[in-house]
Amino acid sequence: MRWLVKNVGSLLLASLLAIIVWVSATTASDPNQEEVFVIPLEVIGQAEDMVILETLPSTVSVKVYAPQSRIEQLREEEVIQAWISVAELTPGNYRIPIQIDIPNSISPVQHLSTVPTKVELTLDQLITQEFPVAAKTEGKPAIGYQAGDTVWDIQSVTIGGRASQVEKVETVEVVLDISGADETIDTTLALRPLDNMGNPVLNVSLNPETINVTQAIELLGGYRNVAVKVVTTGQVAPGYRVMSITPAPTTVMIFSEDPALVNQLPGYVETEALDLTDADDYVEAILELNLPESITVVGDPHVLAQVSVTAFQDSLKLSREVE
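Okay, so the sequence shown: first residue is 0 according to numbering that gives the first Met the number 0, each after it adds one.
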């Protein structure tokens with residue numbers, strides 16, 4: 000016992016030296032080193048009705064200090080995890096630290112640093128809201144026509160997206176332009192979400208995105224759209240024939256204060272006669288319409304008549320110098 004007490008210092012020194020020798024031997028065979036791992040960044044705890052507005056870094060750099068064998072094990076097993084938690088967070092701006100997890104089963108491993116250490120993000124809630132469709136028409140139909148009933152196939156639309164954007168929507172508008180229309184319109188139009196200043200609200204979804212509309216366009220009483228018939232007289236030059244007669248415009252709008260008069264017409268009006276006597280080439284002339292009494296044309300009462308005159312194939316005249 001006295002010997003033990005007398006030599007305790009020597010024993011402790013011997014033990015320390017043994018440990019140093021063991022550590023030195025171990026370090027020599029499995030040296031410590033620094034290593035940087037690029038780890039995917041995960042987001043956990045995100046509720047289905049919450050959205051992160053920013054684009055977060057997809058990876059982080061994690062620097063560790065460990066024996067070479069442990070570095071190789073970490074690399075092979077890919078067990079280092081990097082994550083942030085947004086569980087139970089409400090809409091707002093946050094600066095969230097990045098958490099690093101290295102399994103205790105792989106040791107010794109010292110975590111030196113993480114780049115970046117935090118991420119800044121904004122959380123917003125996803126919502127849906129129903130809005131009535133503010134549908135309207137603008138413009139006037141062609142002369143002689145009037146707008147009848149307008150039928151829109153839906154009356155409301157559901158808007159979805161971030162609460163901060165959906166709450167900007169003041170109205171959902173659609174406009175049908177009937178300017179110059181001379182027949183019933185059946186078309187599909189895009190719906191537009193607008194804010195209180197009339198500006199489009201972006202980054203929202205609409206269900207449905209479009210609306211179908213049928214707009215009746217009807218003739219006013221006393222008006223009628225009829226074809227133009229070009230009247231000709233005379234015979235073209237011998238050996239020639241008329242290939243085509245084309246008026247421009249091909250139809251005109253006529254009017255009478257007595258609707259019965261326009262309804263009695265055969266569906267066309269004639270021009271004054273165009274004389275084609277001895278014509279052997281293209282003929283073009285401006286002609287006046289020959290209208291029954293008490294009937295007028297809406298617009299210009301003249302038309303352009305275009306007549307194509309060509310020679311028969313077996314009647315072509317050939318000129319040749321005699322040598």
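We treat Cβ as the ideally placed atom computed from N, Cα and C, and that holds for glycine. Everything numeric in this text was worked out from a predicted model, so none of it was measured.
Minimum C-alpha distance to residue i - residue among the options
| i | options | result |
| --- | --- | --- |
| P237 | D280, T231 and I97 | D280 |
| P131 | G91, V156 and Q124 | V156 |
| Q67 | L188, H110 and N31 | N31 |
| N198 | Y222, K62, V251 and T170 | T170 |
| Q312 | V306, R240, S255 and V251 | R240 |
| S204 | T249, A162 and Q145 | A162 |
| Q154 | L218, T232 and T209 | T209 |
| V296 | L286, T309 and V251 | V251 |
| L219 | P102, G138 and Q145 | Q145 |
Alpha-carbon spacing of residue i relative to residue j, whole angstroms
| i | j | result |
| --- | --- | --- |
| V20 | E77 | Low confidence applies to V20: its pLDDT is 46, below 50, so where it sits in the model is not reliable enough to give any reading. |
| F36 | L52 | 27 angstroms |
| T25 | V85 | Caution is warranted here: a pLDDT of 48 is assigned to T25, below 50, making its placement in the model unreliable, and the coordinate value is therefore given only provisionally. Approximately 43 angstroms between the Cα atoms of the pair. |
| I97 | I38 | 11 angstroms |
| H372 | P207 | Here the chain comprises residues numbered 0 to 322, so residue 372 is not present and cannot be evaluated. |
| E166 | S60 | 39 angstroms |
| G91 | D176 | 43 angstroms |
| V268 | K228 | 6 angstroms |
| E125 | R191 | The question names Glu, but residue 125 is Leu in the sequence shown. Computed Cα separation, rounded: 20 angstroms. |
| N202 | Q164 | 7 angstroms |
| V150 | T183 | 11 angstroms |
| P265 | A226 | 10 angstroms |
| A259 | V302 | 25 angstroms |
| D100 | A81 | 7 angstroms |
| V200 | E119 | 25 angstroms |
| A272 | N211 | 48 angstroms |
| I223 | M196 | The question names Ile, but residue 223 in the sequence shown is Arg. Going by the C-alpha atoms only, they are around 44 angstroms apart. |
| M49 | G160 | 10 angstroms |
| T186 | T213 | 7 angstroms |
| A278 | V235 | 5 angstroms |
| G44 | S112 | 24 angstroms |
| Q263 | A133 | 43 angstroms |
| T232 | A180 | 37 angstroms |
Residue i - DSSP class collapsed to helix/strand/coil
| i | result |
| --- | --- |
| S28 | helix |
| R275 | Note on residue identity: the sequence assigns Leu, not Arg, to residue 275. Here L275 sits in coil by DSSP. |
| Q72 | helix |
| N103 | coil |
| V20 | In this predicted model, V20 has a pLDDT of only 46, less than 50, meaning its place in the structure is not dependable; the value taken from the coordinates is given anyway. DSSP places V20 in helix when its eight states are reduced to three. |
| N262 | helix |
| Q234 | coil |
| S112 | strand |
| Q312 | helix |
| V165 | helix |
Residue j beta carbon less than 8 angstroms from that of residue i
| i | j | result |
| --- | --- | --- |
| D148 | A215 | yes |
| V230 | T276 | no |
| R69 | I105 | yes |
| A304 | I244 | yes |
| G221 | E256 | yes |
| V63 | E87 | no |
Residues that DSSP places opposite residue i in a beta bridge
| i | result |
| --- | --- |
| N195 | DSSP output for N195 lists no bridge partner at all. |
| P39 | T58 |
| I158 | Q128 and L205 |
| D185 | T213 |
| P246 | A304 |
| S84 | I43 |
| V251 | V225 |
| D335 | Outside the modelled stretch of the chain, which goes from 0 to 322, sits residue 335, for which no answer is possible. |
| E119 | R94 |
| E283 | Q305 |
| Q145 | E217 |
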